[in-house]
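Below: the structure, in structure tokens.
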Amino acid sequence: MGSKLVSDANAFDDISVLLVEKEELLHDIIGGNQPIFVCEKAQPRCEPEATETTADTSVVEETFFKVEQDLGPQPLSVMKARQLLSWYTMAQNPNMPQVEAPGTLHPLWVRCDKLDLCATAWLGVETVYSGNKTSGVKLYTVSCKGSRDETSFTTLDDLKQEHEKRHHASTVATKGYAQYNLFCSLKEESMMFESQSSVIASLTWNNVEKVLECPPLSSKASLNIKVAVGDIRSPLYQTYKEMEFLLALAEGLRTGETEWLEPMETQSAVDLTRALIEELENVGQGAPGHTSKASEKQKAKTDAIAAFSSMVIERGDLDFTEQLWEKMRKSVTSYQDVTECLKIVVKAVKLGKIKPWIHKDSNSTLSKLILQSYQQQIDAMPLTGLTPANMLLELGLDKIRKDFINYLVGKELTTLNYLRYYLDTEVELQEQVMRVRKLHHLLEILGTCSTFLSLPHDRLFLFTQSCLQYYKTSNYDEDHVFQLQIKPALISYFYEKEQPFSWAMEVSSGQGSKEVKTALYLSDKPLVDHISFDLDVPLDESVNGESEKMSYYRTMVSCSLISFT
1 MGSKLVSDAN
11 AFDDISVLLV
21 EKEELLHDII
31 GGNQPIFVCE
41 KAQPRCEPEA
51 TETTADTSVV
61 EETFFKVEQD
71 LGPQPLSVMK
81 ARQLLSWYTM
91 AQNPNMPQVE
101 APGTLHPLWV
111 RCDKLDLCAT
121 AWLGVETVYS
131 GNKTSGVKLY
141 TVSCKGSRDE
151 TSFTTLDDLK
161 QEHEKRHHAS
171 TVATKGYAQY
181 NLFCSLKEES
191 MMFESQSSVI
201 ASLTWNNVEK
211 VLECPPLSSK
221 ASLNIKVAVG
231 DIRSPLYQTY
241 KEMEFLLALA
251 EGLRTGETEW
261 LEPMETQSAV
271 DLTRALIEEL
281 ENVGQGAPGH
291 TSKASEKQKA
301 KTDAIAAFSS
311 MVIERGDLDF
321 TEQLWEKMRK
331 SVTSYQDVTE
341 CLKIVVKAVK
351 LGKIKPWIHK
361 DSNSTLSKLI
371 LQSYQQQIDA
381 MPLTGLTPAN
391 MLLELGLDKI
401 RKDFINYLVG
411 KELTTLNYLR
421 YYLDTEVELQ
431 EQVMRVRKLH
441 HLLEILGTCS
451 TFLSLPHDRL
461 FLFTQSCLQY
471 YKTSNYDEDH
481 VFQLQIKPAL
491 ISYFYEKEQP
501 FSWAMEVSSG
511 QGSKEVKTAL
521 YLSDKPLVDH
531 ISFDLDVPLD
541 ESVNGESEKM
551 SYYRTMVSCS
561 LISFT
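Letter by letter, the sequence shown follows residues 1 to 565 of the UniProt record's numbering.
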């Protein structure tokens with residue numbers, strides 16, 4: 001019967017019925033995540049145009065198709081939408097023997113043109129069950145309007161009266177929702193440009209007292225955090241630049257074509273490598289604490305940019321191979337540069353000119369060669385083909401992994417055991433790069449939480465475990481939104497003087513499948529995408545830069561329960 005219903009609807013002239021897993025804006029209003037049928041006006045069909053071209057011996061027909069502009073989803077009239085909902089209701093009603101009883105149907109939502117007096121944008125219907133039996137349906141109406149001031153908003157009393165009039169409820173409950181973009185609470189000039197990152201605070205609470213009230217500290221709160229790497233404001237911007245070179249090198253090895261980054265040093269890579277060797281020869285064995293290491297650490301500090309506050313990833317115990325990586329990543333511009341630099345180093349090691357100090361847990365090919373030199377047993381090292389580039393990639397992976405371990409374990413945010421997946425050197429080299437990239441993204445997220453939000457250690461610890469667990473089984477994704485439950489008191493500083501970009505209140509009565517709700521949504525952007533509104537600019541700014549009252553779009557959702565028993 002479900003397929004028959006869809007077939008009948010499609011036969012109704014210009015109507016299209018789609019099974020949609022997620023209709024973003026609508027699901028934000030109605031909640032839930034189950035698939036729905038969305039009914040809308042069908043797109044105009046493309047009519048073919050035929051032309052004929054004549055040759056001496058044949059006629060060739062060529063068919064051209066008109067390319068219609070994609071108009072996006074188109075609404076139906078409210079009258080037509082009501083007829084579709086009535087079909088759905090009759091098909092679900094077990095008391096109508098003339099209609100074949102269907103199986104389970106997904107909820108049906110019809111886009112409307114907002115041309116009626118109520119400015120209806122959606123009409124919806126879903127089946128209500130009592131056990132396994134159909135007991136009724138819920139009918140929904142979503143109406144939308146633009147607004148330029150708070151005086152035209154529906155008050156809490158108005159919403160309660162509307163609900164009580166529709167449902168004759170003796171007692172009702174109220175619930176509030178608010179969302180704040182915490183990045184918008186930053187007023188510094190350095191922050192005044194678009195960012196792909198976002199930190200959204202979502203709060204819910206009971207017993208609403210007025211429209212647009214600030215959420216109380218008793219609210220339930222969560223942070224929805226999305227961080228894109230490469231933001232110059234990030235405290236990890238220099239680490240991003242280091243990762244950028246590592247990823248470019250890895251991509252070049254994978255594809256055979258390397259796009260070398262602009263060098264950060266004025267001296268050539270070969271000259272810098274020679275200078276590092278000479279420095280080690282002058283100071284002896286290059287043990288930790290010598291001049292070379294101190295100067296390297298100072299240079300890193302000078303280069304570091306931390307806009308929010310400092311989140312120090314750089315270490316003071318860089319060994320020889322890590323110093324070499326730092327020199328080369330900032331200066332090499334070709335495979336020839338990489339080969340020449342490593343030839344200089346390998347020759348100096350083989351001749352015993354230097355016996356540099358390296359970390360005992362270093363895993364790179366060059367580190368192993370240096371360890372062999374301590375016992376005068378050095379394997380042959382042919383620096384041909386892609387071997388030098390692979391060796392450089394190993395140096396970078398070794399150094400960056402130690403940086404990340406130093407921060408995460410040093411700050412007691414996790415343990416080496418929890419990091420085992422990310423530190424595995426037995427997997428293929430490209431996979432190692434991907435796992436380190438995931439760690440870098442995690443650190444960028446923690447940088448936002450610790451330096452911008454100043455979250456306490458216990459929250460950071462739990463959040464770190466959650467992110468580590470996510471990336472063990474998921475692909476790298478900067479668009480993924482990580483969620484953290486939090487106490488409102490920890491973030492109230494950011495939102496208590498701000499205006500929410502989304503605010504809602506809900507009046508409800510009844511329980512279980514018989515619960516009915518009436519809700520008002522205020523949002524800085526329309527919650528409907530198939531109709532236009534008069535309000536174009538959601539937020540104005542006065543001459544002195546102070547934010548004026550937020551202009552909101554109003555969306556009202558009402559519900560009616562029809563019982564079949």
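C-beta: ideal position from N, C-alpha, C; glycine also.
Closest residue to residue i among the options (Cα-Cα distance)
i      : options                           : result
GLY252 : HIS168, VAL409 and THR333         : THR333
ASP157 : PRO456, LYS353, ASN207 and LEU223 : ASN207
GLN377 : PHE482, VAL427, LYS355 and ASP361 : LYS355
VAL199 : ILE491, PHE564 and ARG554         : ILE491
TYR110 : LEU342, THR134 and ALA81          : Note that residue 110 is Val in the sequence shown, not Tyr. The shortest Cα separation from VAL110 among LEU342, THR134 and ALA81 belongs to ALA81.
ASN475 : CYS144, VAL433, GLU281 and LEU139 : VAL433
THR171 : HIS530, VAL557 and VAL507         : VAL507
TYR18  : GLN74, LYS175 and VAL516          : Correcting the residue type first, residue 18 is Leu in the shown sequence and not Tyr. Per the Cα distances, GLN74.
LEU397 : GLU431, LYS411, GLN372 and GLU412 : GLU431
PRO215 : LEU223, ASP458 and TRP205         : TRP205
SER469 : HIS457, ASP458 and LEU442         : In the sequence on display, residue 469 carries Gln and not Ser. It is LEU442 whose Cα lies nearest to the Cα of GLN469.
ALA275 : ASP14, GLY136, GLY447 and GLN323  : GLN323
LEU223 : ASP524, VAL528 and TYR495         : TYR495
THR555 : LEU159, LYS41, GLY385 and SER77   : LEU159
THR321 : THR339, LYS368 and TYR335         : LYS368
GLN465 : ASP479, SER558, LEU439 and GLU478 : LEU439
GLY124 : GLU164, THR174 and GLU40          : GLU40
SER234 : LYS165, GLY512 and CYS449         : CYS449
CYS559 : PRO94, TYR129 and VAL142          : VAL142
LEU520 : LYS411, TRP503, SER509 and CYS112 : TRP503
Assigned secondary structure, residue i (DSSP; H/G/I helix, E/B strand, else coil)
i      : result
SER176 : Sequence inspection shows Gly at residue 176; the Ser mentioned does not correspond to that position. DSSP places GLY176 in strand when its eight states are reduced to three.
VAL20  : strand
ASN341 : The amino acid occupying residue 341 in the given sequence is Cys; Asn does not appear at that position. CYS341: helix per DSSP, three-state reduction.
SER542 : Confidence is the limiting factor: at SER542 the pLDDT is only 38, short of 50, which leaves the residue's position unreliable, though a coordinate-based value still follows. Here SER542 sits in coil by DSSP.
ILE400 : helix
TRP109 : strand
LYS210 : coil
TYR552 : coil
VAL332 : coil
ILE15  : strand
PHE320 : helix
PHE37  : strand
SER558 : strand
THR565 : coil
LYS301 : Caution applies to LYS301, whose pLDDT of 39 falls short of 50 and renders its modelled position unreliable; the value that the coordinates give is listed next. Three-state DSSP puts LYS301 in a helix.
LYS438 : helix
Buried versus exposed, by CB contacts within 10 Å (16 or more), residue i
i      : result
ILE486 : buried
ASP319 : buried
GLY131 : exposed
LEU115 : exposed
LYS353 : exposed
ARG329 : buried
GLN92  : buried
ILE277 : buried
GLU21  : exposed
ARG254 : exposed
TYR237 : buried
ALA489 : exposed
SER295 : Interpretation of SER295 is limited by its pLDDT of 45, a score under 50 that renders its predicted location unreliable; the figure taken from the coordinates is listed afterwards. Exposed, by the Cβ-count rule.
LYS210 : exposed
GLY136 : buried
TYR471 : buried
MET505 : buried
SER195 : exposed
PRO35  : exposed
Whether residue i touches residue j by CB criterion (8 Å)
i      : j      : result
GLN126 : PRO97  : It should be noted that the sequence gives Glu, not Gln, for residue 126. Contact: no.
LEU246 : ILE358 : no
LEU182 : ALA169 : no
SER364 : GLU394 : yes
THR239 : ILE562 : no
ARG435 : TYR421 : yes
LEU261 : GLU281 : no
HIS167 : VAL427 : no
PRO526 : TYR552 : no
TYR177 : ILE30  : no
LEU484 : ILE225 : yes
CYS467 : PHE452 : no
_4-residue-minimum alpha helix (DSSP H) runs that sit fully inside the segment 478–525, ordered along the chain_ = For the segment 478–525, the continuous alpha helix (DSSP H) assignments of 4+ residues that do not extend past its boundaries occur at 492–495, in sequence order.
*asked:* Which runs of the alpha helix (DSSP H) at least 4 residues long sit entirely within the segment 347–379? Give them in chain order.
replied: Restricting attention to alpha helix (DSSP H) runs no shorter than 4 residues, the segment 347–379 encloses them at 365–373, ordered along the chain.
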